[in-house]
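Down below is the structure, laid out as structure tokens.
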Amino acid sequence: MSTIDYSDFTSVQKSEQFQSLRTTHRKFAFPMTIVFLIWYLGFVLVAAFAPEFMAIQVLGNINLGIVLGLAQFVTTFIITGAYVAYANRKIDPIATDLREKMEGAGAVEIIIEASDDADYATTGKSSGE
Amino acid sequence: MTQVSTLNIPTAQTLSTEVGNPWANIGIFLVFVAITLYAVLRASRKTKTATDFYAGGRSFTGTQNGTAIAGDYLSAASFLGIVGAIAIYGYDGFLYSIGFLVAWLVALLLVAEMLRNTGKFTMADVLSFRLKQRPVRIAAATSTLAVSIFYLLAQMAGAGALVSLLLGVDSKLGQSLVIAVVGVLMIFYVFIGGMKGTTWVQIIKATLLLIGVGIMSVWMLALFGFNFSAMLGEAATVAGNPDFLNPGLQYGESTLTKMDFFSLGLALVLGTAGLPHVLMRFYTVPTAKEARKSVVWAIFLIGGFYLCTLVLGFGAAAIVGPDAIANAPGGQNSAAPLLAYELGGTLLLGIIAAVAFATILAVVAGLTITASASFAHDIYGQVIKKGKLDTEGEMRAGRATVVVVGILAILGGIGAQGQNVAFLVALAFAVAASANLPTILYSLFWKRFTTRGALWSMYGGLISSVTLIVFSPVMWGAETSFFPEIDLAIYPLTNPGIISIPLSFILGWIGSVTSKRLEDPVKQAEMEVRSLTGVGAEKATEH
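Taken in sequence, the protein lines are chains A and B. Counting from 51, one number per residue, gives the positions in the first sequence under my numbering. Counting from 32, one number per residue, gives the positions in the second sequence under my numbering.
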């Protein structure tokens, strides 16, 4: 793809590399979101409408409700860890490569300045009107 | 059991005025004020630009910001409210905390990094990126202000309740005075320290809070020989209710209350990633990678915290007893302080009281800077002055708004005294989930999304959730309502999420597909590329 103009957002958006960056992010984020939402909302529905199921004793006074509740904590931690590993390995390399190419092309306006040179008016130009 | 029988209702009441030492509580709190004041004054010396004032100069690390996020998020409602809810309602209180944690995955997977890459100071920066600036900015700022004010009211009302419990100030006038002092202190912090100062206050507070609940939890478990099951058993025995450990005590009464609970769960899990004061924190770090790291830290700290509230809640039920807590001044919110007093006497009560005050102060500061940014940057700077305001003008406007919001918060807090804290926060979450989240997701992920879709979704979400609240048992007819005598509650649930959240997603979709005027594909390309690559948004990329 030698025809990509890295100073032009539309051209970058159409590039194969950007498309693969987008797919890579969505491929993980979307299904995972659906999975944890179903798991959480399902848990809430069972707790609300089938409390006798949650009351099943597992270990001493610890019932299924406590166990499944703690399992929500565990899965949250696991998904967090998995996303970080995935992002570091699959998303970041493509994103960094693209960013460097675009910066090398030079024509990309900086919208978010650091504190040292706060030229405030820059976002005004990027308004949609 | 002996501990329990000694702490019946009259003892609990004298605790606030005689047994616990109010001067010790005040003394420890003043130490916190002194430390944070020093941090704020230091930060103020480096607050010279609008980026410093609203985004802390983007100079915080992911770890620092993650701790600050935990500080912003773990409000007095989380600490006092959830420990109290578990102590009184058992398992149902625990359900609350799960939603508060799981919600962070939405922020991690879908929102934090992309938001960091496309915005400057506020949520409105992102939402108006590729849509029509003026109307979208006004809508986003309106919902930001609405959510912040709901949340602020909850915090300020909590301050009043806390005062009655910890300082032995029972009179309305005395409580109002303390709310005013908290408010003025917070105005001062935000006014001079901006986001940098606020962030340091959050970091200090989160550290204190986590250490405090950590020590108490280990202590609590040690009392039961690190046998969690034994603690649960004691809690159920003291509560005198075999169902104390099962779901249903608070929400299990009827199908309606169960629906209400589902509605709450939906609002909690989808609301977090739409809370403007949380979103604004992502701008204080230099890169998207640091934004991701912030959320990871926040998830582990917040998760650890809620595990502690589980121990403390059931522990308070076992040692203090649900009835004693419910009848103490401050009611449900008194569970954690009463437990601290039982465990470590005056000193631990003083520390926990100071931590609770610090919590309110810090969260109020975070909300105030958010409300101020949304008015000064979005409404005044971008809409009225059309982005032509210089950095000094922007900061002047920001500081003026801080004072106005602060005064409103004080007045509102005095008016809202005696309301249940955790409950008001849940309402703020419902508004955030309906008015903010759908538009954030659509504008980040759906090419076809239009200005009309954004406006329908934001105003639709805001108006529907507020209207449903106004015509719910929160306001009318029930014992805990604002107007218990008159029943005008047309909407039967206390949480609007189950209706307002799907409604605003649908409105955003219908509004977009029926739009005749399509949005600029060039801006869409720019936003999408920026959001995923972070080009032009990182400190290191400056030429």
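By construction, the Cβ of each residue, glycine as well, lies at the ideal position given by its N, Cα and C atoms.
Per DSSP, Val505/B is not a residue of any beta strand (DSSP E), being assigned neither H nor E. In the DSSP assignment, Leu109/A forms a beta bridge with Ile112/A. The region 230-246 of chain B and the region 74-82 of chain A do not touch, with fewer than 3 CB-CB distances between them shorter than 8 Å. Counting only runs of 3 or more residues that sit fully inside the region 204-286 of chain B, no beta strand (DSSP E) segment turns up. Exposed is the label assigned to Trp54/B, since fewer than 16 other Cβ atoms lie within 10 Å of its Cβ. Relative to the Cα of Phe60/B, the nearest Cα in the group Ile391/B, Val462/B and Glu550/B belongs to Ile391/B. Contact between Leu486/B and Val167/B holds: their C-beta atoms lie close to 7 Å from each other, under 8 Å. Leu72/B and Ile223/B have their C-alpha atoms spaced approximately 7 Å apart.
Shown in chain order are the members of the region 261-276 of chain B whose Cβ falls below 8 Å from a Cβ of chain A: Ala261, Leu263, Gly264, Ala267, Asp274 and Leu276.
Per the Cβ contact rule, the region 266-282 of chain B is not in contact with the region 356-371 of chain B (fewer than 3 Cβ pairs under 8 Å). At a C-beta separation below 9 Å, Thr83/A has these neighbours in chain B: Leu136, Val137, Leu140 and Leu141.
Contact annotation for Pro101/A against chain B: Asn277, Pro278, Gly279 and Gly283 [CB-CB distance below 7 Å, chain order].
With respect to the C-alpha of Ser159/B, the residue from Leu379/B, Ala568/B, Glu550/B and Leu306/B having the closest C-alpha is Glu550/B.
Taking 8 Å as the upper bound for CB-CB distance, Tyr282/B and Ala98/A are in contact here, some 6 Å apart. In chain order, Glu559 and Leu563 make up the part of chain B whose C-beta sits under 8 Å from the C-beta of Arg72/A. Taking a Cβ-Cβ threshold of 7 Å, the residues of chain A close to Tyr122/B are Gly115, in chain order. Pairing Ala509/B with Tyr522/B, the inter-Cα distance amounts to about 13 Å.
The Cβ-Cβ distance between Leu499/B and Tyr337/B does not fall below 9 Å. Secondary structure at Phe514/B: strand, using DSSP grouped into helix, strand and coil. The alpha carbon of Arg323/B has as its nearest neighbour, out of Gly528/B, Thr98/B, Ser474/B and Ala107/B, the alpha carbon of Thr98/B. DSSP places Thr545/B in the coil class of the three-state scheme, outside both helix and strand.
Residue state for Glu550/B is assigned as coil, using DSSP reduced to three classes. Distance from the CA atom of Glu425/B to the CA atom of Met217/B, rounded to whole angstroms, is 20 Å. Contacts with chain B at 9 Å (Cβ-Cβ) do not include Glu66/A. By the rule that beta-carbons nearer than 9 Å mark a contact, Thr130/A touches chain B. Judged by DSSP secondary structure, Ala466/B falls outside any alpha helix (DSSP H); it is assigned neither H nor E.
Here the C-alpha atom of Asp142/A lies approximately 20 Å from the C-alpha atom of Thr83/A. Rounded to the nearest whole angstrom, the C-alpha separation of Lys419/B and Ala384/B is 46 Å. Closest by C-alpha distance to Leu120/A, out of Thr286/B, Ala118/B and Ser128/B, is Ser128/B. For Ile88/A, the uninterrupted alpha helix (DSSP H) segment begins and ends at Glu66 to Phe99. By the 16-neighbour rule on beta-carbons within 10 angstroms, Tyr122/B is buried. Between Ala461/B and Gly302/B, the CB-CB gap stays under 9 Å.
For Val326/B, the three-state secondary structure derived from DSSP is helix. The contact set of Gln122/A on chain B, defined by CB atoms closer than 7 Å, consists of Ile129 and Val133 in chain order. By the neighbour-count criterion, in which 16 or more other beta carbons inside 10 Å mark a residue as buried, Asn364/B falls on the buried side.
At a cut-off of 4 residues, the continuous stretches assigned as alpha helix (DSSP H) that sit fully inside the region 160-206 of chain B are 164-197.
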